[in-house]
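Asker:
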Amino acid sequence: MTNLASETGATAGPANLISFDDNRLLPLLFGEHDKFLVRIEESLGIALINRGNQIALEGKDDAVEVARSALARLYQQVKNGDDIDAADVDAAVRMATAPTDLFGEKEAVIRTKRRQVKARSARQATYIESMMESELVFGIGPAGTGKTYLAVCHGVSMMMAGQVDRLIFSRPAVEAGERLGFLPGDMKEKVDPYLRPIYDALYDSMPADLVTRKLESNEIEIAPLAFMRGRTLKNAFVLLDEAQNTTTVQMKMFLTRLGDNGRMVVTGDLSQVDLPPGQKSGLADALDVLDDVKGVDIVRFDDTDVVRHPMVARIVRAYGKRDEAAKNGGNGR
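The numbers in this note's numbering rise by one with no breaks, and the one at position 212 of the sequence shown is 422.
Okay, structure coming up:
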């Protein structure tokens, strides 16, 4: 922790003090009315006392070390000219709390046309590194952990770098029966609302006019899973989202589409399976079958990796506790 602080110009001192080498940056680091310091205090149960270009940290030793590391990380961001917000503060605390063995050797940053996307949890860092290194990556875990968003951004980054020619994003259309049939339009128009998170990530990563052009030229394709049958996907980055809703046959079909110079990412949440009762999820089946296969990485997120509003993490945790109790024969209370 102290090494990180010294490298960024945030230096540890006696009596749990941390000093900063540029006073002009401190208003950005502290936030309006010191709101970022307050957020760290409330998160870790410590006290942060502003003394000029120093902060005194008071509390339990482990929490103080986490705060020191988080402050050093945030100070480096403002030194780099980046603004910080409440989500960045939460991310810095989350990263400082994580076991060091979750971090890889590479910088966990995805560079796209519109922005740099940085890991906001240690497992996000692992996930980004896995997508850089492996031909097939599974990102498994609850909502709000960035599985889909990071995968789309990484695909855009690969296309912009000339590493792939096409981006193909897909989801199983589990509503393609009665309910979806009542919606107006052709199949694409019926399914597009279910693919909205993918569109949102695309528009975050690329200028809107460029997204439109690449969609029109089929360099970017967004389609239901059924449209993948019979194809070989060469020179492409391919994402299968909401994969918990695939059947075992659909999953095998999708995975065997991988062609030369292809990369695949499969994301899903096994706690939100919408298949008929008694039908095994193709995602669960694939995780069993491919666990030890060379070239396959499986990254498992949990509620500590949720990067949305802190309430989302608490909701995920509460449902997980209830579900675990139900498995064990309890009532979840």
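We put the CB at the ideal spot given by N, CA and C, even for glycine.
At which residues does the beta strand (DSSP E) containing V374 begin and terminate?
Answerer: First-last for V374: undefined, no H or E at that position.
Asker: So does the segment 367-387 actually touch the segment 437-454, counting three or more Cβ pairs closer than 8 Å?
Answerer: yes
Asker: Looking at the strands, I want to know which residues DSSP matches up with V483.
Answerer: Per DSSP, none; premise fails for V483.
Asker: Assuming Q326 and P382 make a contact with CB atoms under 8 Å, what is their CB distance in whole Å?
Answerer: Wrong, their Cβ atoms sit about 31 Å apart, outside the cutoff.
Asker: Three or more C-beta pairs under 8 Å: does that hold for the segment 348-367 against the segment 433-441?
Answerer: no
Asker: Between the Cα of S380 and the Cα atoms of G488, R467, G365, L405, which residue gives the shortest distance?
Answerer: L405
Asker: Between K328 and M438, what straight-line distance do the alpha-carbon atoms span, to the nearest angstrom?
Answerer: 31 Å
Asker: Reducing DSSP to helix, strand and coil, say where D498 ends up.
Answerer: helix
Asker: Looking only at its own chain, which residues have a Cβ that is under 8 Å from the Cβ of I256, when we skip the five neighbours before and after it?
Answerer: I250, L267, E268, G269, K270, A273, V274, A277
Asker: Does the pairing of the segment 328-347 with the segment 405-425 give three or more beta-carbon distances under 8 Å?
Answerer: no
Asker: Does the Cβ-Cβ distance between K323 and M370 come in under 8 Å?
Answerer: In this structure, K323 places its C-beta atom within 8 Å of the C-beta atom of M370.
Asker: Hey, out of Q489, D513, L480, whose CA is closest to L497's CA?
Answerer: L480
Asker: Name, in chain order, the residues that DSSP records as bridge partners for P434.
Answerer: R381
Asker: Rounded to a whole number of angstroms, what is the C-alpha to C-alpha distance between M305 and L238?
Answerer: 20 Å
Asker: Find the nearest neighbour of L493 within the set T466, V319, R467, K462, judged by alpha-carbon distance.
Answerer: Taking L493 as reference, the option from T466, V319, R467, K462 with the minimal CA-CA separation is K462.
Asker: Closest to D512 by C-alpha separation, out of L235, R524, L281, would be which residue?
Answerer: Out of L235, R524, L281, the CA that lies nearest to the CA of D512 is found in R524.
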